[in-house]
Amino acid sequence: MTGGQSLQRREWDGEAVLFNDLSGATHLLSPVALWLLERLEAAPDDLPGLGAALDAELAAEAAGDGAADADTDTDIAADRERLAELLGDLHALDLIEPC
Amino acid sequence: MLTVSSLTPAQLRARLSGPGLDFQTGPFVNRLHSNIPHLAAGLALLYADYPLIDAGGFADFHLDLSQPGGIRRWWRPQVRFEQDGKFPFKPLPVAQAQPFCEWMMNWCVSNRAHGYLIIHAAVVEKNGRAIILPAPPGSGKSTLCAALVCRGWRLLSDELTLVRHADGMLAPLPRPVSLKNRSIEVIRAFAPDAVFGALVHGTMKGTVGLLRPPAASIGRAGEAATPHAIVFPQWEEGAPATLEPLARARMFMQVADNAFNYTLLGARGFATLAALAERSAGYTFRYSKLDDAMEVFDGLVGEAR
Chain A
774 MTGGQSLQRR EWDGEAVLFN DLSGATHLLS PVALWLLERL EAAPDDLPGL GAALDAELAA
834 EAAGDGAADA DTDTDIAADR ERLAELLGDL HALDLIEPC
Chain B
-19 MLTVSSLTPA QLRARLSGPG LDFQTGPFVN RLHSNIPHLA AGLALLYADY PLIDAGGFAD
41 FHLDLSQPGG IRRWWRPQVR FEQDGKFPFK PLPVAQAQPF CEWMMNWCVS NRAHGYLIIH
101 AAVVEKNGRA IILPAPPGSG KSTLCAALVC RGWRLLSDEL TLVRHADGML APLPRPVSLK
161 NRSIEVIRAF APDAVFGALV HGTMKGTVGL LRPPAASIGR AGEAATPHAI VFPQWEEGAP
221 ATLEPLARAR MFMQVADNAF NYTLLGARGF ATLAALAERS AGYTFRYSKL DDAMEVFDGL
281 VGEAR
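In order, the protein sequence lines correspond to chains A and B. The numbers in the numbering used here rise by one with no breaks, and the one at position 53 of the first sequence is 826. The numbers in the numbering used here rise by one with no breaks, and the one at position 204 of the second sequence is 184.
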């Protein structure tokens, strides 16, 4: 996470609004972006680590829905590419930074 | 309580050209100076029911809308706005003094009253439930607001929604409703008893007609209202009245885009707007017929509490 910032958020129906007191900006975040940000708030991580955590989160949700086999044909490389893009977006918003 | 209507035309002009006309609009006291006779006449009509404040006390806003002297008083006569010794805007033709006065009163609030979150939105109330109508110019916001007010809704404002930080309640600021161009005839046909000030042609917004607000709304200007819904209206030729839910987080962002001082307020603005979004349902609303719109809005607030 970018140092020195204090983030306030409100979440409704999966989407969230987030206020960053350092930049003064307010952002609309998708559920995945919010999940990612909260994950990074807890501890820094890299792309493989975040990818594995996201897989585990999705698998747990699918199991809860009785659809554990639904993701068997997932294109992992494309999935990781999307995740990297999302990290790039959060970096562009100055919410996270490389460590 | 004395109102502006208690002054004779001569007394009103004497105040305007002397110590200033002190009158209350919502939470604010305005002190207005002017040497323009037709502005005095317009104020006598449109502000008749507003509380008159004793001269010389505290005033939130000091406004001076006067004609400069010299030959300009006779050749290309203009009105200029002065505040605290400064002239922040270019003068306008003197015929536009009344709408200029309204714009400057709005400007004072939107630039100074940061004790509120200020949204560029109309706000009306019925049955204890207030509906906020944020929208850019041309969306039909003021027309819809005027129609609702002419059908008995309480006017809080047609332009500036004031959200109190402490409790999220809406502070009324009822003032004349500014209608433009075709909307003037639309409201005259919809509500033949509606009272307008003199029409002013050729402004930067076209022809402007100021609708006198109901005395009942002015009388309740000290009574804050509870937010109930935020509706983004859009007038569209031939469109059936259609109300569609708007996701709360997206509603938040759209309201922030329509707020004058959201960015300036920082974390405080976020907290106030989040609390407003929490307690207000969000909708987009397309319509073409005012009667259909009245039905939809009556349905939104339901029966009296």
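A virtual CB, placed ideally from N, CA and C, is assigned to each residue, including glycine.
- It is roughly 21 angstroms from the alpha-carbon of G95(B) to the alpha-carbon of D2(B).
- Chain-order list of chain A residues neighbouring T222(B): empty, with the shortest C-beta distance near 21 angstroms, by a criterion of under 7 angstroms.
- Contact annotation for T243(B) against chain A: G797 [CB-CB distance below 8 angstroms, chain order].
- In this structure, DSSP gives H18(B) a helical state, which the three-state scheme calls helix.
- Looking only at P31(B), R259(B), D138(B), V129(B), the smallest Cα-Cα distance to T206(B) is reached by R259(B).
- In the structure shown, the three-state DSSP call for I33(B) is coil.
- Beta-bridge partners of S163(B) (DSSP): none assigned.
- For V175(B), no alpha helix (DSSP H) run applies, since DSSP gives it neither H nor E.
- Contact annotation: D44(B) and H13(B) have beta-carbon atoms nearer than 7 angstroms.
- Taken through DSSP and simplified to helix, strand or coil, G182(B) comes out as strand.
- Exposure of A196(B) is indicated by the presence of fewer than 16 other C-beta atoms within 10 angstroms of its C-beta.
- Identification of chain B residues near L801(A) by a Cβ-Cβ cut-off of 9 angstroms yields A229, R230, F232, M233, ordered along the chain.
- Cβ neighbours of P48(B) within its own chain (closer than 8 angstroms, five residues either side excluded): Q58, R60, P71.
- Judged by DSSP secondary structure, G279(B) falls within the alpha helix (DSSP H) whose first and last residues are 270 to 281.
- For Y242(B), the enclosing alpha helix (DSSP H) begins and ends at 242 to 245.
- DSSP lists no beta-bridge partner residue for R192(B).
- At a cut-off of 7 angstroms between C-beta atoms, F250(B) counts as an interface residue with respect to chain A.
- Using a Cβ-Cβ cut-off of 7 angstroms, A24(B) does not count as an interface residue toward chain A, since no Cβ of chain A sits closer than that to its own.
- Counted as a single uninterrupted DSSP element, the alpha helix (DSSP H) harbouring K121(B) occupies residues 121 to 130.
- DSSP, read as helix, strand or coil, puts H800(A) in strand.
- For Q234(B), the enclosing alpha helix (DSSP H) starts and ends at 228 to 237.
- Membership of L820(A) in the alpha helix (DSSP H) is indicated by the continuous run 820 to 837.
- Taking the beta carbon of Q781(A) as reference, the chain B residues within 9 angstroms of it are A247, F250, A251, A254, listed in sequence order.
- Of the other Cβ atoms in all chains shown, 16 or more fall within 10 Å of the Cβ of A110(B); this residue is therefore buried.
- Checking the DSSP bridge columns, you'll see L256(B) has no partner listed.
- Ranking L253(B), T(-17)(B), L280(B), L256(B) by CA distance to the CA of T264(B) puts L280(B) first.
- About 6 angstroms separates the beta carbons of K160(B) and V188(B), which is inside the 8 angstroms limit, making them a contact pair.
- Chain order gives the chain A residues near A236(B) as V790, T799, where near means a beta carbon separation below 9 angstroms.
- With a threshold of 16 other beta carbon atoms within 10 Å, W54(B) falls short and is exposed.
- Between the alpha carbons of T183(B) and R200(B) lies a gap of roughly 32 angstroms.
- For N86(B), the enclosing alpha helix (DSSP H) covers residues 77 to 92.
- A distance below 8 angstroms between beta-carbons, with the five flanking residues on each side excluded, links L(-8)(B) to the following residues of its chain, in chain order: V(-16), L1, A20, L23, A24.
- Rounded to the nearest angstrom, the gap between the Cα atoms of G218(B) and E283(B) is 29 angstroms.
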